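With the working numbering, letter number 114 in the first sequence gets 116, and the count goes up by one each step, no holes.
Backbone N, C-alpha and C define an ideal beta-carbon position, used for all residues, glycine too.
Bear in mind that the values here come from a model prediction, so they are computed numbers and not experimental data.
Working notes, structure below.
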Amino acid sequence: MSVRVRIAPSPTGFLHFGTARTALFNWLFARKNGGTFIVRIEDTDMARNKQEYDEDIFEQLRWLKLEPDETYRQSEHRQAHADALRALIDTGRAYESEEPAKDDPSKTVRVVRLRNPGKTITFTDTVHGDITFDTSELKDFVVARSVTEPLYHFAVVVDDHDAGITHVIRGEDHISNTPRQILIQEALGYDRPVYAHIPLILAPDRSKMSKRKHDTSVRTYREKGYLPEALINYLALLGWNPGTEQELFSRDELVRAFSLEGIQKSGAVFDDEKLRWFNRQYLVTEDEETFAATVTHIMKIGLEKRGVAWDEKRAKQLMPLVRERISVYDDLRSLIADGEFDYFFSRPTYDPHRIPDKKSTPEDAAAYLAHAAEILSSRKNVADVKEVLWQYATEKGRGAVLWPLRYSLSGKDKSPDPFVLIEILGADESLSRIAAAREALKEV
RNA sequence: GGCCCUAUCGUCUAGUGGUUAGGACAGCAGCUUUUCAAGCUGUUAACGCGGGUUCGAUUCCCGCUAGGGUCACCA
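Here is the structure:
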């Protein structure tokens, strides 16, 4: 029997990490076993469904490259559900019951209840082992709002059976739903699939991730500039591990290494820092063109907002610098918004008191700058400048020479080193900035 | 509250009836061409508690505690 697995998201919100990881585990399991990965949209709650969410689920799965082999919407199977329900009623395993409506007790409705044999059910969970429930406390639970409107548990059982689902890999929050679904299965005479309930993803305070407090939608992280490979790699290791010390996995390696046995029993706290680290691992391997295109786009918008003139050539030179300073593209947005890149595109302004190194006088600083300018104007290539300047700085005190130099070039307390700045700004621009700083120094 | 699940560094985790309890992220320290970033090196840090079983339990069993899930005419 070939493996068939599914995820069953409801279109009542954007695709979030939990669902994405469940999708990943199902997808990996299917790929590993040459099986079929199915996405079934559980859209039977018309009041809460939104087209927007429906589309988002597929859009994000596509982005994560977790595309399904088969797709359908539960609403398309209404007839099959109704038929199965009918059969259950006809054989006396379920019955209609006229009761006051829950939302409006003045009205009555005819719900369908399962005739619960009230036995003890034990099922084997691949992750947790045997789990036993006494189902008598479930009583004759409601399986359909009416003969034509089956509820979630009923539809799930019928759909899983019709789709030939062999393994149900889903969140742990469904463990307690399982016995009632098994009851329905047995009433219908269906086989039981293999169950594997995966641990939940927790917020940093170990509580359940709530949509209120944490935005865990995949689209948000995508918009922040996280890379799909990083997200996949991180999510794969949340609640699963290969039993080795390997942490960086390509897609293929993941497929090869994956097994249900490696799934963790306990919940896992989502750690943004580690995700960022993973993202950086993938970011540094992005090819130059892709990286440059993304960075340029972000930079252009960010600088425009600050009213800083755009310089395409200058931006190009900044790429290696940007690459070493960010973990996620969104970091670049903050950096630019904080004015950390302004000085590459426009002249900095100076606080004259900050120009000298802590231990030197304004006169010293002026002299060092004058000498640095001299060196800079008399050498042709940057490597030469660096060598001579470095020698000079070593003689006079590195901080004493290098700090004012760097500050002259950037106007910032924190920035890349002066040699990098000179290389990017060029000799002419560097020279005029040094001159401007010396001018400013006279005011002290 | 009933039922169910879970319990190794702050976090993700490896692991064993006898281990220096391993790795990664974060933290800290040092190094690296002042500062910042990156990188490198080193380092702090864990078997929840109480009973058993056993020559010996972090590991097996029981209880406790704690955390989580679930108890719809939602999915």
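- The bridge partners DSSP lists for ILE9 are VAL41.
- Counting of Cβ neighbours within 10 angstroms places ASN235 among the buried residues, the total reaching 16 or more.
- Cβ contact annotation for TYR284 (same chain, cutoff 7 Å, sequence separation greater than five): LEU229, GLU231 and ALA232, in chain order.
- With a threshold of 16 other beta carbon atoms within 10 Å, GLN81 falls short and is exposed.
- Within the region 312-357, no run of beta strand (DSSP E) at least 3 residues long lies entirely inside it.
- In the three-state DSSP reduction, GLY120 falls in the coil class, being neither helix nor strand.
- Counting along the chain, TYR236 sits inside the alpha helix (DSSP H) bounded by residues 230-238.
- Taking the CA atoms as reference points, GLU78 sits about 54 Å from GLY309.
- Counted as a single uninterrupted DSSP element, the beta strand (DSSP E) harbouring VAL145 occupies residues 144-148.
- With respect to VAL145, VAL114 sits close: the two C-beta atoms are nearer than 8 Å.
- By the CB criterion at 8 Å, ALA395 and LYS361 fall outside the cutoff.
- Secondary structure at ASP85: helix, using DSSP grouped into helix, strand and coil.
- No residue range can be given for VAL286, since it is assigned to no alpha helix (DSSP H) and is classified by DSSP as neither H nor E.
- Per DSSP, reduced to three states, the secondary structure at GLY241 is coil, with no helix or strand assignment.
- Remark: C-beta atoms of ALA367 and ILE357 approach each other more closely than 8 Å.
- Here ALA339 has GLY304, LYS307 and ARG308 as same chain residues with Cβ atoms under 8 Å from its own Cβ, once five neighbours each way along the sequence are excluded.
- Within the region 354-421, the complete alpha helix (DSSP H) runs of at least 4 residues fall at 364-380, 384-398 and 400-412.
- The beta carbon of ARG408 sits closer than 7 Å to the beta carbons of SER417, ASP419, PRO420 and LEU423 from its chain, once the five residues preceding and following it are set aside; these are given in chain order.
- With 16 or more other Cβ atoms inside 10 Å of its own Cβ, GLN183 counts as buried.
- Secondary structure of HIS199 (DSSP, three-state): strand.
- Contact between HIS216 and ALA198 does not hold, since the beta-carbon distance rounds to 26 Å and is not under 8 Å.
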